[in-house]
Amino acid sequence: MMAKTARKRKSKQEQVSEELKLRIICLFFIFLVIIAAMQLGVIGDHLNYVFMYVFGNLNGIIYLTCILLLGYIVIKADFPKFNGPKAVGLYLLFIGLTLFISATPSLTGIKVIQSYFNQVPLNRGGLLGAVLYGFLSALFDYMGAIIAAVFIVVTGIILLGSKFYFEHKKEIQKRAKNNFNKTKDSLKQHSNYFGNFFKKKQNKTTFFDDAIFEDDETPTTIFEEIAKEDVTLPQAFTFNDEHQEIEIVDKEPPIPSVDEELVQNDQSQIEEPVIEHTNKNYHLPPLSLLHNVVNKKQGENKNHAVESAERLTAVLNEFGVHASINNISIGPSITKYELKLETGTRVNKIMSLQDDIKLALAAKDIRIEAPIPGKPAVGVEIPNLVSSMVSFKEVFKNIPDKYKGNKLVVPLGKDVNGQVIYAELNKMPHLLIAGATGSGKSVCVNTIISSILMRAKPDEVKLILVDPKKVELSNYNGVPHLLAPVVTDPKKAAATLRETVSEMERRYDLFAGANVRKIETYNQYVEKKNQENDAEHQLEKLPYIVVILDEVADLMMVASKDVEDCIMRIAQLARAAGIHLIVATQRPSTDIITGVIKANIPSRIAFAVSSSIDSRTILDCTGAEKLLGKGDMLFLPMGSNSPIRVQGAYVDDSEVEAITYYTTKQQEASYDERYTNVKPISAVAASKEEQEDEEYEMCRAFVIQAQKASTSLLQRQFRIGYNKAARIIDQLEADGIIGPQIGSKPREVYVRGYNEEEI
Numbered sequence: 041m042m043a044k045t046a047r048k049r050k051s052k053q054e055q056v057s058e059e060l061k062l063r064i065i066c067l068f069f070i071f072l073v074i075i076a077a078m079q080l081g082v083i084g085d086h087l088n089y090v091f092m093y094v095f096g097n098l099n100g101i102i103y104l105t106c107i108l109l110l111g112y113i114v115i116k117a118d119f120p121k122f123n124g125p126k127a128v129g130l131y132l133l134f135i136g137l138t139l140f141i142s143a144t145p146s147l148t149g150i151k152v153i154q155s156y157f158n159q160v161p162l163n164r165g166g167l168l169g170a171v172l173y174g175f176l177s178a179l180f181d182y183m184g185a186i187i188a189a190v191f192i193v194v195t196g197i198i199l200l201g202s203k204f205y206f207e208h209k210k211e212i213q214k215r216a217k218n219n220f221n222k223t224k225d226s227l228k229q230h231s232n233y234f235g236n237f238f239k240k241k242q243n244k245t246t247f248f249d250d251a252i253f254e255d256d257e258t259p260t261t262i263f264e265e266i267a268k269e270d271v272t273l274p275q276a277f278t279f280n281d282e283h284q285e286i287e288i289v290d291k292e293p294p295i296p297s298v299d300e301e302l303v304q305n306d307q308s309q310i311e312e313p314v315i316e317h318t319n320k321n322y323h324l325p326p327l328s329l330l331h332n333v334v335n336k337k338q339g340e341n342k343n344h345a346v347e348s349a350e351r352l353t354a355v356l357n358e359f360g361v362h363a364s365i366n367n368i369s370i371g372p373s374i375t376k377y378e379l380k381l382e383t384g385t386r387v388n389k390i391m392s393l394q395d396d397i398k399l400a401l402a403a404k405d406i407r408i409e410a411p412i413p414g415k416p417a418v419g420v421e422i423p424n425l426v427s428s429m430v431s432f433k434e435v436f437k438n439i440p441d442k443y444k445g446n447k448l449v450v451p452l453g454k455d456v457n458g459q460v461i462y463a464e465l466n467k468m469p470h471l472l473i474a475g476a477t478g479s480g481k482s483v484c485v486n487t488i489i490s491s492i493l494m495r496a497k498p499d500e501v502k503l504i505l506v507d508p509k510k511v512e513l514s515n516y517n518g519v520p521h522l523l524a525p526v527v528t529d530p531k532k533a534a535a536t537l538r539e540t541v542s543e544m545e546r547r548y549d550l551f552a553g554a555n556v557r558k559i560e561t562y563n564q565y566v567e568k569k570n571q572e573n574d575a576e577h578q579l580e581k582l583p584y585i586v587v588i589l590d591e592v593a594d595l596m597m598v599a600s601k602d603v604e605d606c607i608m609r610i611a612q613l614a615r616a617a618g619i620h621l622i623v624a625t626q627r628p629s630t631d632i633i634t635g636v637i638k639a640n641i642p643s644r645i646a647f648a649v650s651s652s653i654d655s656r657t658i659l660d661c662t663g664a665e666k667l668l669g670k671g672d673m674l675f676l677p678m679g680s681n682s683p684i685r686v687q688g689a690y691v692d693d694s695e696v697e698a699i700t701y702y703t704t705k706q707q708e709a710s711y712d713e714r715y716t717n718v719k720p721i722s723a724v725a726a727s728k729e730e731q732e733d734e735e736y737e738m739c740r741a742f743v744i745q746a747q748k749a750s751t752s753l754l755q756r757q758f759r760i761g762y763n764k765a766a767r768i769i770d771q772l773e774a775d776g777i778i779g780p781q782i783g784s785k786p787r788e789v790y791v792r793g794y795n796e797e798e799i
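My numbering puts the first residue of the sequence shown at 41, with every later residue one more than the last.
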């Protein structure tokens, strides 16, 4: 008996020790799974790499399954009893999902496996999916493999739910039958109701006559209501692709009347910026004025990105550059590949292969960013097969909360990662926009102006628009934000800039009197004083002023010195006064964008240009010559070391008209007399010519009376410079008053005596 008891105790102790070992081993494996899932340290990175290599994007499901399974073993100290139809169904479901993820129309058969081994496995169904899809696609082609995957998934679901169905078969059938009968009775009631309704209508009126029912046009009311709703579809893709909305477009969205919009403003607008309503009768334009644009996901771009990644690594290997692709980002117009070079590989080696890469990828043009700022990688940017348009509404309605109170925030567009890029004009503080004709420069200017009109009231931001081409900004005439009508005369434009300098100096005098340093502090000072003073002694806040010169080249041709001096003065001093300058040109040459202008305008936008010299003139670096046009830009904000590639937002002419119509109907433009009454430069030049005419008459009378003429004589007599005296002598000779210079002899005076009639 004692021997049997001892054996039982020993067997129990052995069982406890075995369970303890099993729990410890499972806990250790749970630890490894967590390390791999969180990619902690070298071990975590390598384990995660192995899981991704085998299972691809399903590694997250594998992690979760392992943790649940091991956790069950730790708690129960036994393996779960999971076999039979459920186990087979789960395996089939997993295999089917792996096939779906791995399926690629452009690759079938053995090419799938070759492609997987040639590139770094960052996506799809991993090695398991590549082998399964390669085998099935070799037998049944792409569509056959998809059908097989559907069959496998459906079979797995049936096997998983078979036991539950058979256990509750009667109850399920009973509920289904009851629901079917209820639905059938409800349909009968509704059909009887509508039948009686139409019979009564036909008895009462003959509105529905045969002529109407002969027309088989489809009613569009329901579809128009549906088309006004934004539809967002989920997207499953493994790259860092931008998440765009797919929206249905109205053919011609009507411009609502002002009265209707004033009533429905808070319904149609997502969120009105928080501002102080100093003008209670003015409402900001709603988002309903902007168009919804179709922005479909282009599957061709994704397939093209996969194929281009393979060709890119292949061409680099051919030239002895060993690199792996860390990440692929698909943007609106380009795809960016992040290459991680092996240790010891020089960056210049990739730069020298730019033309070879362009040839291998059959690309229009490529741009290499070596290295990517803040990353140990090299970026290769390749144009997409199909470019996606970035709509103004899409970027405008998603302005973050931190910018809600800033009236001078402008959404420029989207970068290669799909992030919206914003420009804060008050922090830039001035902006230079340059690019060739048709590259998107004018659209960018319209985007900036439209954004200001959509976010700011007329008493908060004022505009001065200079348009020597007379067609780009003429749509904004009459907008209440303008300080003066759109200036189209280049001579008057220079005078307008001079008046802006005077306004800047006037504001600094106000700041000095209030003992403040900038416009924000001064407006706070005004608020405080207005609370203390009575209604008769109220002070006015100062609005921001944005000066936009659409084509500075035309201004430089007319009055280069005056324009350059005014730009320099405004750029140097106007930031604190709330005056911000935007200079645009399609001639990025050094005689237009001078060193003085570049030194005082730190923020720049470059569109497509013809040469690297023009790119250096704008950005002080190359890259703009590689842009694609149609809104593709390089944005270099103040303080940034390298430019950001952005696909600019597109604002349509009809949207601009809708915004201007909405603003002008609410409030008429009240122009500042200081700007409307400015004299053009020609008037100033004319006054100088009159002064020179008086000096010429005095010199002519003196020469006739003295009967001798020379440059030095006029200099001594009238105390003028050599250049002016020489010009007067030449003019006297041309008028026939004196003769030509003959050697060292004095000039002969042809007119004798001073007689005005004789002269």
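All residues carry an ideal CB built from backbone N, CA and C; glycine is no exception.
Query	Result
Mind checking Arg787: buried by the 16 CB within 10 Å criterion, or exposed?	buried
Return the CA-CA distance between Ala741 and Ala766, expressed in angstroms with no decimal places.	16 Å
Would you report the Cα separation of Phe263 and Tyr690, rounded to the nearest angstrom?	Residue placement at Phe263 is poorly supported in this model, since its pLDDT is 32, which falls under 50; the coordinates still yield a value, given next. C-alpha separation (whole angstroms): 26 Å.
Would Val461 pass as a contact of Leu471 if the rule is Cβ separation under 8 Å?	One detail in the question is off: residue 461 reads as Ile in this sequence, not Val. It is not a contact, given that the beta carbons lie outside the stated cut-off.
Using DSSP bridges, identify the partner residues of Glu378.	Asn367 and Gly419
Could you please give the first and the last residue of the uninterrupted beta strand (DSSP E) stretch that includes Met673?	Asp672 to Leu676
Grab me the residues of Lys61's own chain with a C-beta within less than 8 Å of its C-beta, minus the 5 sequence neighbours each way, in chain order.	none
Out of curiosity, what's the CA-to-CA distance linking Thr261 and Ser328?	Confidence is the limiting factor: at Thr261 the pLDDT is only 35, short of 50, which leaves the residue's position unreliable, though a coordinate-based value still follows. Roughly 18 Å between the two C-alpha positions.
At 4 residues or longer, and completely inside the stretch 541-611: list those alpha helix (DSSP H) runs for me, N to C.	559-572
Determine the direct distance from the alpha carbon of Ser600 to that of Asp770, and round the result to whole angstroms.	27 Å
Is the beta carbon of Tyr516 closer than 8 Å to that of Ile489?	yes
Going by alpha carbons, who is nearest to Ala143 out of Ile610, Phe119, Leu176 and Gly129?	Leu176
Tell me, to the nearest whole angstrom, how far the beta carbon of Tyr790 is from that of Ile778; I am working on the premise that it is less than 8 Å.	7 Å
Check whether the Cβ atoms of Leu425 and His362 sit closer than 8 Å, and answer yes or no.	no
Give me the Cα-Cα distance between Asn97 and Tyr103, rounded to the nearest whole angstrom.	11 Å
Hey, Ser643 and Met678: beta-carbon distance below 8 Å or not?	yes
For Ser491, which residues of its own chain have a beta-carbon under 7 Å away from its beta-carbon, when the five flanking residues on both sides are left out?	Phe436, Val450 and Pro451
Just to confirm, is the Cβ distance from Phe359 to Asp396 under 8 Å?	yes
Over what stretch of residues does the beta strand (DSSP E) that includes Ile622 continue unbroken?	Ile619 to Thr625
CB His23 to CB Val592, shorter than 8 Å?	Look at the range of the chain in this structure, 41 to 799, and you will see that residue 23 is not part of it.
Whose C-alpha, out of Pro325, Ile610 and Ser392, is nearest the C-alpha of Val355?	Ser392
Excluding the 5 residues flanking Pro508 on each side, which residues of the same chain have their C-beta closer than 6 Å to its C-beta?	Pro530, Glu591 and Asp594
With a CB to CB cut of under 6 Å and the five nearest residues on each side skipped, what residues in its chain are close to Ile632?	Ala593, Met596 and Thr625
Tell me the DSSP secondary structure of Ser810 in three-state form.	With the chain covering 41 to 799 only, the question about residue 810 has no answer from this structure.
On a CA-only basis, which of Ile65, Val527 and Pro520 is nearest Glu512? Give me that one, please.	Val527
Is there contact between the stretch 79-89 and the stretch 108-118, where contact requires at least three CB pairs shorter than 8 Å?	no
Answer yes if the stretch 473-482 comes into contact with the stretch 647-662, meaning at least three C-beta pairs across the two stretches below 8 Å, and no otherwise.	yes
Hey, Ala804 and Val603: beta-carbon distance below 8 Å or not?	Outside the shown range of the chain (41 to 799) lies residue 804, about which nothing can therefore be said.
Please report the distance separating the alpha-carbon of Leu330 from that of Glu695.	6 Å
Cα-Cα, which of Tyr584, Phe71 and Leu130 is closest to Ile107?	Phe71
Considering only DSSP beta bridges, list what Ser431 is partnered with.	Tyr690
Can you give the beta carbon distance from Lys38 to Val456, rounded, assuming they're within the 8 Å contact cut?	Residue 38 cannot be examined here, being either before or after the span of the chain that is shown, 41 to 799.
Could you pull the DSSP bridge partners for Arg644 from this structure?	Leu472 and Leu676
List the residues that DSSP assigns as beta-bridge partners of Arg407.	Glu421
Which residue wins for smallest C-alpha separation from Gly129, given the options Leu324, Leu199, Thr703 and Glu665?	Leu199
Determine the burial state of Thr703: buried for a count of at least 16 other Cβ atoms within 10 Å of its Cβ, exposed for fewer.	buried
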